[in-house]
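As you go down the protein sequences, you meet chains S and W in turn.
Converting from the first sequence to the numbering used here requires adding 1 to each position, the first position being numbered 1.
Converting from the second sequence to the numbering used here requires adding 1 to each position, the first position being numbered 1.
Just so you know, even glycine gets a beta-carbon here, dropped at the ideal spot from N, CA and C.
Here the structure comes first, spelled out in structure tokens, and everything after it is commentary.
There are 2 protein chains.
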Amino acid sequence: MKIETKFPRENARDYALRIMKNNILSLDLKPGTVISENELATELGISRTPVREAIIELSKAYLIETYPQRGSFVSLIDPKMVEEARFIRRITDTAVIELACEQIDEKGIAVLEENVVLQEFYLSKGMTDKIFDLDNQFHKSIYDIAEKDIVYEIHSTLMLHFDRVRNLSVSTVKDFKVVGDHRNMLEAIKAGDKKTAVELVNKHLNRYQIDEKEIRSKRPEYFKA
Amino acid sequence: MKIETKFPRENARDYALRIMKNNILSLDLKPGTVISENELATELGISRTPVREAIIELSKAYLIETYPQRGSFVSLIDPKMVEEARFIRRITDTAVIELACEQIDEKGIAVLEENVVLQEFYLSKGMTDKIFDLDNQFHKSIYDIAEKDIVYEIHSTLMLHFDRVRNLSVSTVKDFKVVGDHRNMLEAIKAGDKKTAVELVNKHLNRYQIDEKEIRSKRPEYFKA
DNA sequence: AAAGATATACTTGTATACAAGCATACAATC
DNA sequence: GATTGTATGCTTGTATACAAGTATATCTTT
Chain S
2 MKIETKFPRE
12 NARDYALRIM
22 KNNILSLDLK
32 PGTVISENEL
42 ATELGISRTP
52 VREAIIELSK
62 AYLIETYPQR
72 GSFVSLIDPK
82 MVEEARFIRR
92 ITDTAVIELA
102 CEQIDEKGIA
112 VLEENVVLQE
122 FYLSKGMTDK
132 IFDLDNQFHK
142 SIYDIAEKDI
152 VYEIHSTLML
162 HFDRVRNLSV
172 STVKDFKVVG
182 DHRNMLEAIK
192 AGDKKTAVEL
202 VNKHLNRYQI
212 DEKEIRSKRP
222 EYFKA
Chain W
2 MKIETKFPRE
12 NARDYALRIM
22 KNNILSLDLK
32 PGTVISENEL
42 ATELGISRTP
52 VREAIIELSK
62 AYLIETYPQR
72 GSFVSLIDPK
82 MVEEARFIRR
92 ITDTAVIELA
102 CEQIDEKGIA
112 VLEENVVLQE
122 FYLSKGMTDK
132 IFDLDNQFHK
142 SIYDIAEKDI
152 VYEIHSTLML
162 HFDRVRNLSV
172 STVKDFKVVG
182 DHRNMLEAIK
192 AGDKKTAVEL
202 VNKHLNRYQI
212 DEKEIRSKRP
222 EYFKA
């Protein structure tokens, strides 16, 4: 469990939420780990109440399971859950990138262009750890362009199911492909080419489907069924 | 604010959540209404903690807005929010009904058939208030058939944005159309006719788009912008 | 030794107390 | 009269106390 310091004006609940999300995503909180409200509260230097509130929110996203009077646990990787998260991601990404193709303007192009340039830069420097955030930011920008930013927000926590599996795969090998996908998506959006854009989204998301089976055998204790 | 009694084994948080959802949906809690944690707690006969936890959850779904040290309010109807909820509903319903066309079996047909028969029965008896729940149940069943029940669950609270606008419209006039839609959807699913099924979903959801503008002028105080 | 009762140390759920900030009413001052 | 300071009562945010249930270890009993 890696604990960063609290931001100046960040309230205790958001702080607890941020730390827990990060650690679940990075697998520093491994699937199945026990989470004690009291313990976490003292570790974070806050009281039980905001910690508990954060846990409840993660429970609603099925990232933590709470059994009354017994304990709370980081959810095991549930293939059905991952599949449904991927499903949501696929159909919304698809619909949103079509809208982006229609509604794109120069400002939007500039935002995406800057992002992809940075990805290409960090890739060429081998700083692939920077790419994960840029990846997410790229997709968020597309939602912004399509004026579906609330949809993105609503689904963001849920996508941790998806992203934590990403983090389990030997992903760095394929970073250059991911960056290439983004470059191609950008060009398709600029050209208003919906068909290609949609194809790219599906190809992009399919990259992660294969890895899941790889790691299943390596870390069976992380999986539910 | 209409307050029903607590279920036997229902915990205080779920109780508060249920009551608040119902009242927001039915507009007994009108958009803009102040919600005091203390007041609601005493009304429900529970303490502030579970009430607060319920309010936080509804805040995450943008159904309540909380301003620290100032108060919490039932969110005004935000056309962008409604539009994004409708967007989610449309694209997921579309994708899910396609899957249902592929994965339907006799058991699934039986469930849908029973539901539609009941809708037709209540419609013929003029008991249109029963139809709302059956409508939701019908759609949930389709998600179950497509094995996307978590997707339904995740989105269910969000759909209150959509449903409360439904409740504001002079909807009873069109109940027979809604029931007809469901009958047609069922037949399309049985026939495995994806194209027709998708068309029906879009037609179905478009029925509510018109009403919004009608009521906007009648109840401008409910709207955000 | 095996089985069962029991104490104990946890857990989450709920209630309550306190802290900090905002808004309003009202009084004092210019 | 207008403005400013202030007291008051509200709000949510956080901390803590208590309730109730579970699991485990240990002791007692057979």
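Which listed residue (the options) has its alpha carbon closest to that of residue i
{"i": "R167 of chain S", "options": "S:I65, S:I25, S:V117 and S:Y144", "result": "S:I25"}
{"i": "H205 of chain W", "options": "W:D94, W:I146 and W:E154", "result": "W:D94"}
{"i": "I190 of chain S", "options": "S:Q210, S:A226, S:S170 and S:I146", "result": "S:I146"}
{"i": "D150 of chain S", "options": "W:F88, W:V112 and W:L100", "result": "W:F88"}
{"i": "D130 of chain S", "options": "S:Y144, S:C102, S:V180 and S:H140", "result": "S:V180"}
{"i": "N200 of chain W", "options": "W:N137, W:S218, W:A96 and W:E103", "result": "Note that residue 200 of chain W is Glu in the sequence shown, not Asn. Taking only the C-alpha atoms, the option nearest E200 of chain W is W:A96."}
{"i": "V52 of chain S", "options": "S:A62, S:K61 and S:L41", "result": "S:L41"}
{"i": "Y223 of chain W", "options": "W:N23, W:E11, W:F139 and W:T34", "result": "W:T34"}
{"i": "G46 of chain S", "options": "S:R14, S:P69 and S:E107", "result": "S:R14"}
{"i": "Y153 of chain S", "options": "S:L119, S:S218 and S:R91", "result": "S:R91"}
{"i": "L100 of chain W", "options": "W:R49, W:E148, W:L119 and W:N12", "result": "W:E148"}
{"i": "A111 of chain S", "options": "S:F139, S:E11 and S:E103", "result": "S:F139"}
{"i": "F163 of chain W", "options": "W:D182, W:Q210, W:L119 and W:Y123", "result": "W:Q210"}
{"i": "F74 of chain W", "options": "W:N137, W:I36 and W:I56", "result": "W:I36"}
Check whether residue i and residue j have beta carbons under 9 Å apart
{"i": "E38 of chain W", "j": "T158 of chain W", "result": "no"}
{"i": "R165 of chain S", "j": "P32 of chain S", "result": "yes"}
{"i": "E84 of chain S", "j": "S76 of chain S", "result": "no"}
{"i": "M186 of chain W", "j": "I105 of chain W", "result": "no"}
{"i": "L169 of chain S", "j": "L28 of chain S", "result": "yes"}
{"i": "L113 of chain W", "j": "I143 of chain W", "result": "yes"}
Between the CA atoms of residue j and residue i - distance to the nearest angstrom
{"i": "M128 of chain W", "j": "G193 of chain W", "result": "31 Å"}
{"i": "E121 of chain S", "j": "I216 of chain S", "result": "28 Å"}
{"i": "G109 of chain S", "j": "V117 of chain S", "result": "12 Å"}
{"i": "V174 of chain S", "j": "E213 of chain S", "result": "In this predicted model, V174 of chain S has a pLDDT of only 49, less than 50, meaning its place in the structure is not dependable; the value taken from the coordinates is given anyway. C-alpha separation (whole angstroms): 15 Å."}
{"i": "I78 of chain W", "j": "S125 of chain S", "result": "48 Å"}
{"i": "M160 of chain S", "j": "R208 of chain W", "result": "31 Å"}
{"i": "F8 of chain W", "j": "R19 of chain W", "result": "10 Å"}
{"i": "H156 of chain S", "j": "A86 of chain W", "result": "12 Å"}
{"i": "K225 of chain W", "j": "P80 of chain W", "result": "8 Å"}
{"i": "T43 of chain S", "j": "Y16 of chain S", "result": "13 Å"}
{"i": "F177 of chain S", "j": "N23 of chain S", "result": "24 Å"}
{"i": "M2 of chain W", "j": "R220 of chain S", "result": "51 Å"}
{"i": "K196 of chain W", "j": "A62 of chain W", "result": "32 Å"}
{"i": "A198 of chain S", "j": "E5 of chain W", "result": "50 Å"}
{"i": "V202 of chain W", "j": "V202 of chain S", "result": "24 Å"}
{"i": "L64 of chain W", "j": "E54 of chain W", "result": "14 Å"}
{"i": "S218 of chain W", "j": "T50 of chain S", "result": "43 Å"}
{"i": "S48 of chain S", "j": "Y68 of chain S", "result": "21 Å"}
{"i": "L30 of chain S", "j": "M21 of chain S", "result": "8 Å"}
{"i": "R71 of chain W", "j": "R10 of chain S", "result": "17 Å"}
{"i": "C102 of chain W", "j": "N12 of chain S", "result": "47 Å"}
{"i": "N137 of chain S", "j": "L119 of chain W", "result": "46 Å"}
{"i": "E115 of chain W", "j": "E188 of chain W", "result": "13 Å"}
{"i": "M82 of chain W", "j": "S60 of chain W", "result": "13 Å"}
{"i": "E107 of chain W", "j": "Y123 of chain S", "result": "54 Å"}
{"i": "D182 of chain S", "j": "K141 of chain S", "result": "15 Å"}
Residue i beta carbon near the ligand HEM (any heavy atom closer than 8 Å)
{"i": "S27 of chain S", "result": "As for the ligand HEM, it is missing from this structure, which has no ligand bound."}
* Mind checking the region 91 to 112 of chain W against chain S and listing, in chain order, the residues whose C-beta falls within less than 7 Å of any C-beta there? => I92, T93 and A96
* With 7 Å as the limit, tell me which residues of the region 143 to 160 of chain S have their beta carbon closer than that to any beta carbon of chain W; keep them in chain order. => K149, I151, V152, I155 and L159
* **In chain order, each alpha helix (DSSP H) run of at least 4 residues that lies wholly inside the region 15 to 84 of chain S** => 38 to 45 and 49 to 61
* Asked: Listed from N- to C-terminal order along the chain, which residues in the region 51 to 67 of chain W have their beta-carbon within a distance smaller than 9 Å of any beta-carbon of chain S?
  -> R53, E54, I57, E58, K61, A62 and Y63
* **Contiguous alpha helix (DSSP H) assignments of at least 4 residues, all confined to the region 174 to 201 of chain S** => 176 to 191
* Secondary structure, alpha helix (DSSP H): runs of 4+ residues fully inside the region 110 to 156 of chain W -> 132 to 146
* Output, in sequence order along the chain, the residues in the region 184 to 201 of chain W whose CB is closer than 8 Å to any CB in chain S. => none
* **Interfacial residues, the region 76 to 90 of chain W to chain S, with Cβ spacing under 7 Å** => M82, E85, F88 and I89
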